[in-house]
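Okay, structure first, notes after.
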Amino acid sequence: MTKIVSAINKENATKEALSQLTKSNTVAIPTETVYGLAADATNGIAIAKIFQQKNRPSFNPLICHVDGIKMAMQFGKINDVTKKLINTFWPGPLTLVVPLLENSKAHDLVTAGLGTIGLRCPNGFSREIIEKFGKPLAAPSANRSGRISPTSASHVATEFEHLDLLIIDDGPCSVGLESTILKVDGEVLTLLRSGGISKQHIEEIAGISVLFPEENSAVANKILAPGMMVSHYAPNADVKLNCDTCDDNAAWLGFGEQTVKTTHSLNLSETGDLVEAGSNLYAYMKVLDKTGCETICVAPIPMRDLGIAINDRLSRAAAPKNVQ
Ligand code: AMP
Ligand code: MG
């Protein structure tokens, strides 16, 4: 059952939200754009729960919500143009996709294993929660996949009535529209999604024209819509799916009880827990790929629940590289 707690009693709402976040659980939080399904952006299990609860069929990157520029700088590379935009538009409905800092603690399910991170500082209760939590929150809209974004606590409750979910109610969202997403690549600005802040206003502040994705060839074929993955996280090794044995000299990525004798072998979840498997997916693929093996053989992953997103990611990794 969902539990709605009013943000009017801020102390109580904060206490309840922090208690869920520290237990690696999700919490529905109000932001000025839409209600978000939030979880600790540095915790793989917590992030995997977002995908599971939203029933997302693929692992697209999530926006990482921060309490201001200082926290943002611990996760992304902030250049002068980004700084200008932050100083004008934060807190507010502008997400900046910037290069990921090498030693950033963001979990790779948040960045979808990309070299970039989407950062935004929301206004109001959610910013205060992030400040108290001391870590960023990944928070896509608090609705099941393919449904309309919720702009009130009761919308969220209807979406997730089957879940034990804490929902913080701070009334209707003031913007009620998703954030604008802007990619900053040096001095090249590309609008990935229109939203609460206009292209013209961004251009005015940055003093640079903003490109549409089709005007920027570096972006045109990459992530433009949720669910699309870019090629630069394809492993070097060939990936073979639904294996029940491991080829000679191949690495093994297992799931559940099945064990295979090979030099390099990892198990996404020995107990067959799809949330655990989702949280380990990128990291384990990277580790096995780094061994220099020619092939990674992957055990069958059930096509249910989070297994759908895991299989989606794996099938992209297994596809011929030039068509990804
Ligand atoms: P939302 O569902 O509102 O959280 O928005 C997520 C969208 O933000 C994704 O589908 C991407 O379009 C974009 N996004 C977030 N993080 C990144 C990133 N690291 N690189 C590129 N796009 C991103
Ligand atoms: Mg959404």
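Under our numbering, the final residue of the sequence shown carries the number 341; numbering is consecutive throughout. Yeah, the Cβ is synthetic: ideal placement off N, Cα and C, and Gly gets one too.
Item: Length of the line joining the Cα atoms of K149 and M18; Value: 26 Å
Item: G406 versus E221 - alpha carbon distance; Value: This structure cannot speak to residue 406, because the chain is shown only from 18 to 341.
Item: E231 CB to nearest heavy atom of the ligand AMP below 7 Å; Value: no
Item: C-alpha gap between I354 and L35, whole angstroms; Value: For residue 354 there is no data in the structure shown, the boundaries of the chain being 18 and 341.
Item: Residue from L38, I198, L182, Q70 whose Cα sits closest to the Cα of I325; Value: Q70
Item: Cut-off 6 Å between Cβ atoms - residues of its own chain near I103, not counting five sequence neighbours on either side; Value: I86
Item: C-beta atoms of S121 and F76 nearer than 8 Å; Value: no
Item: Element boundaries [beta strand (DSSP E), containing I46]; Value: 44 to 46
Item: Check: L131 C-beta below 7 Å from any heavy atom of the ligand AMP; Value: yes
Item: Segment contact flag, the segment 62 to 69 with the segment 123 to 134, C-beta cutoff 8 Å, min 3 pairs; Value: yes
Item: I327 versus E293 - alpha carbon distance; Value: 11 Å
Item: heavy atom of the ligand AMP below 7 Å from T197 C-beta; Value: no
Item: Own chain, CB closer than 6 Å to M246, minus 5 neighbours either side, in chain order; Value: Only weak support exists for where M246 lies, its pLDDT of 47 falling under 50; the value from the coordinates is given anyway. Here the set comprises R333.
Item: Other residues of its chain near A335: CB distance less than 6 Å, five sequence neighbours each side excluded; Value: V256, L258
Item: Opening and closing residue of the alpha helix (DSSP H) in which L35 lies; Value: 27 to 39
Item: I313 vs A267 beta-carbon contact at 8 Å; Value: yes
Item: Range covered by the alpha helix (DSSP H) that runs through V192; Value: That residue, V192, is in no alpha helix (DSSP H); it is neither H nor E in DSSP.
Item: Check whether P189 and S162 have beta carbons under 8 Å apart; Value: no
Item: Reference Y301, options K278, P319, F272, closest by Cα; Value: F272
Item: Contact shell at 6 Å, judged by CB to any heavy atom of the ligand MG, ordered along the chain; Value: P157, S158, S166
Item: Whole-number beta carbon distance between R137 and H82, since they are thought to touch under 8 Å; Value: 6 Å
Item: heavy atom of the ligand COA below 7 Å from N42 C-beta; Value: As for the ligand COA, it is missing from this structure, which binds only the ligand AMP and the ligand MG.
Item: Distance between V201 and N233 (C-alpha atoms, nearest Å); Value: 12 Å
Item: Beta carbon of T50 nearer than 8 Å to that of E195; Value: yes
Item: N96: CB within 7 Å of a non-hydrogen atom of the ligand AMP; Value: no
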